[in-house]
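> Throughout, the working numbering is defined as the position within the sequence shown, counted from one, plus 97. Built from N, CA and C at the ideal position, the CB exists for glycine as well. Got a structure here, written out as structure tokens. Questions coming.
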Amino acid sequence: MLSKLASGARGRISRVSSQITSSFAAKRALGSNVQSRSFACKAVVCGAAGGIGQPLSMLMKLDPNITELALYDVVPVVKGVAADLSHVNSSCQITGGFTPDNVDDAFKGCNIVVVPAGVPRKPGMTRDDLFNINAKINYDLAMAAAKNCPDAMFLIISNPVNSTVPIWAEALKKAGCYNPKHLMGVTTLDITRANTFVAENQGTDVNETSVDVIGGHAGTTILPLLSQVPNAKFSQEDIEKLTHRIQFGGDEVVKAKDGAGSATLSMAYAGAEFASLVARAMTGEAGIKACAYVESTVVPDTTFFSTPVSLGKDGVEQVHGYGTLSAFEQKGLDEMLPDLKGQIKKGQDFVATK
């Protein structure tokens with residue numbers, strides 16, 4: 098009887114693990130061909146002991162494209178997080194956890210650097226309010242990464258992304274190792290929210306729903322392109338309500354948690370999904386496309402902008418345009434640009450004072 102129960106439990110665990118990895122593989126079974134790949138991918142999660150960092154690290158531990166995962170945080174408990182995750186029976190090996198005393202060891206040899214580090218939003222706090230705290234955290238991490246893994250892919254989650262990505266760019270330039278193909282702001286949560294909310298509205302399968310979201314990653318700089326969703330039929334009221342909910346989905350979670358946290362689990366899922374796409378592209382898998390906040394010339398005089406990008410072995414292979422917008426979307430784009438440009442400049446100006 099006990100052996101049957103154990104066998105059943107193992108089967109359930111196996112099914113759950115398979116579902117997680119197949120989700121990250123964009124509905125494809127990843128594990129079948131990973132073992133034949135010669136590329137060994139080492140990643141580090143910066144802020145691994147935090148509300149986003151812990152579930153993000155667990156999901157990355159389950160990703161068959163990540164062979165080694167280092168955990169870094171300023172708090173000593175990260176060592177316990179590393180010990181805990183090291184007991185999970187997946188092929189990815191855990192190293193660390195690392196603290197500022199051995200930060201160089203955390204970054205050395207990494208191919209992917211994922212950065213959820215920083216303080217979370219609290220009720221009434223905007224992403225701009227986070228700037229003064231998170232700007233320094235990101236600048237210091239960028240300089241450590243430049244020293245130890247200058248050719249890695251840098252995936253920035255830390256808010257405000259509209260400013261922290263330019264901070265990374267300017268810091269890496271200062272260190273002499275900036276490659277725009279390797280720096281990506283993770284806006285995937287905007288896409289997962291858009292897919293979820295649109296599927297609910299249309300009564301369709303969320304796994305078959307794909308919504309491009311362009312612009313930035315804060316409030317009205319987030320612009321879902323609902324007019325481009327295939328076969329969808331929205332009323333004007335639907336468009337306005339869905340757009341607002343996608344733009345301010347983070348506030349919805351902050352309020353629901355009543356001051357006890359922000360969007361940690363959904364952000365961890367989205368961050369792990371994007372990291373998996375980058376890792377798969379680095380192994381040589383072709384045809385991978387996702388929205389990301391990157392250096393761009395798509396919008397004139399706007400240094401960073403999120404649109405669909407093609408990913409490859411060397412990061413961002415191509416930055417795509419956003420197609421034809423509806424009148425509602427064009428108005429949203431026009432109105433957001435001054436704010437987005439200001440947030441980009443704020444990040445650049447911060448590094449200029451260093």
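1. Hey, Ser390 and Gly316 are a contact pair by Cβ (cut 8 Å); roughly how many whole angstroms apart?
2. Alpha carbons only, please: which of Tyr366, His341, Thr164 is nearest the one belonging to Gly206?
3. Take Arg134 and list the residues in its own chain whose beta-carbon comes closer than 7 Å to its own, dropping the five residues that flank it on each side.
4. Work out the CA separation of Asn229 and Ile311 for me, nearest whole Å.
5. Whole angstroms are fine: how far does the CA of Asp309 sit from the CA of Ser407?
6. Helix, strand or coil for Ser183? Go by DSSP, reduced to three states.
7. By how many angstroms is the C-alpha of Ile441 removed from the C-alpha of Pro173?
8. For the beta strand (DSSP E) containing Ser188, name the first residue and the last one.
9. Whose C-alpha, out of His314, Ala372, Phe331, Asp225, is nearest the C-alpha of Gly346?
10. Using DSSP's beta-bridge definition, name the partner residues of Met250.
11. I need the straight-line Cα distance from Gln333 to Thr404, nearest angstrom please.
12. Helix, strand or coil, according to DSSP, for Glu432 in the structure here?
13. Quick check on this structure: which residue in Gln415, Gln151, Ile336, Val211 has the alpha carbon closest to the alpha carbon of Lys278?
14. Write down the C-beta distance between Val212 and Ser255 rounded to the nearest angstrom, noting that I regard them as a contact closer than 8 Å.
15. Alpha carbon to alpha carbon, how far is Asn208 from Leu280?
16. Among Gly356, Ala387, Leu422, which has the Cα closest to the Cα of Gln325?
17. Quick check: the region 291-305 against the region 256-269, are at least 3 beta-carbon pairs closer than 8 Å?
18. Taking 6 Å as the limit between beta carbons, can you name the residues of its chain near Phe402, skipping five residues before and five after?
19. Name the residue from Asn162, Leu323, Gly144, Phe371 whose alpha carbon lies nearest to the alpha carbon of Val200.
20. Quick one: grab the DSSP three-state call for Val200.
21. In this structure, does DSSP put Phe447 in helix, strand or coil?
22. Is Ala365 helix, strand or coil when you go by DSSP?
23. Report the partner residues of Glu165 according to the DSSP bridge assignment.
24. Hey, out of Asp170, Lys271, Lys270, Ala291, whose CA is closest to Ala367's CA?
25. Just to confirm, is the Cβ distance from Ala365 to Pro161 under 8 Å?
26. List the DSSP bridge partners of Glu392.
27. Which same chain residues end up closer than 7 Å to Asn259 when comparing Cβ atoms and leaving out the 5 residues on each side of it in sequence?
28. Tell me the DSSP bridge mates of Pro321?
29. Using 8 Å for Cβ pairs, my map puts Pro321 next to Thr340. What's the rounded Cβ distance?
30. Would you identify the three-state DSSP class for Phe121, choosing helix, strand or coil?
31. Might you give, ordered along the chain, the residues of its own chain that have their beta carbon closer than 8 Å to the beta carbon of Ala232, omitting 5 neighbours on each side?
32. In three-state DSSP terms, what is Val262?
33. From the DSSP output, in three-state form, read off Asn130 for me.
34. Classify Ile149 as helix, strand or coil using the three-state DSSP reduction.
35. Who are the near neighbours of Thr412 in its chain, counting only those whose CB is closer than 6 Å to its CB and skipping five residues on each side?
Here's the rundown:
1. Contrary to the premise, residue 390 reads as Tyr rather than Ser in this sequence. Going by Cβ atoms, the distance from Tyr390 to Gly316 rounds to 14 Å, so no, they are not a contact pair.
2. Checked all of Tyr366, His341, Thr164; the closest Cα to Gly206 is Thr164.
3. For Arg134, the pLDDT reaches just 49, beneath the cut-off of 50, and the residue's location in the model is therefore unreliable, leaving the point undetermined.
4. Distance between the alpha carbons of Ile311 and Asn229 is about 25 Å.
5. CA-to-CA, the gap between Ser407 and Asp309 works out to about 13 Å.
6. Coil.
7. Between Pro173 and Ile441, the alpha-carbon positions lie close to 33 Å from each other.
8. Taken as a continuous stretch (DSSP letters only), Ser188 belongs to no beta strand (DSSP E), as it is neither H nor E.
9. Taking Gly346 as reference, the option from His314, Ala372, Phe331, Asp225 with the minimal CA-CA separation is His314.
10. For Met250, the pairing in a beta bridge is given by DSSP as Ile209.
11. In this structure, the CA atom of Gln333 is about 24 Å from the CA atom of Thr404.
12. In this structure, Glu432 counts as helix in the three-state DSSP scheme.
13. Of Gln415, Gln151, Ile336, Val211, the residue nearest in Cα terms is Gln415.
14. Confirmed, Cβ separation roughly 5 Å.
15. In a straight line, the C-alpha of Asn208 is about 12 Å away from that of Leu280.
16. Comparing Cα positions, the closest option is Leu422.
17. No, they do not touch.
18. If we look at Phe402 and ignore the five residues flanking it on each side, its Cβ neighbours are Ser393, Val395, Val396.
19. It is Gly144.
20. In the three-state DSSP reduction, Val200 falls in the helix class (H, G or I).
21. Judged by DSSP in its simplified three-state form, Phe447 adopts helix.
22. Ala365 falls in the helix class under three-state DSSP.
23. Lys139, Gln190.
24. Comparing alpha carbon positions, the residue from Asp170, Lys271, Lys270, Ala291 closest to Ala367 is Ala291.
25. The answer is no: Cβ separation not under 8 Å.
26. Per DSSP, Phe401.
27. Gly313, His314, Ala315, Thr318, Leu437, Gln440, Ile441.
28. Looking at the DSSP assignment, Pro321 forms a beta bridge with Val310.
29. Between Thr340 and Pro321 the Cβ distance is about 6 Å, and since that is below 8 Å, they are a contact.
30. Low per-residue confidence applies at Phe121: pLDDT is 48, beneath 50, and the placement is therefore not dependable enough to give any value.
31. So the qualifying residues of the chain are Ser260, Thr261, Ile264, Gly444, Phe447.
32. Residue state, collapsed to three classes: helix.
33. Model confidence at Asn130 stands at a pLDDT of 45, short of 50, so the residue's coordinates are unreliable and nothing is read from them.
34. In the structure shown, Ile149 falls within a coil segment according to DSSP collapsed to helix, strand and coil.
35. The sequence shown places Gly at residue 412, not Thr. Correct list, in chain order: Met250, Lys278, His279.
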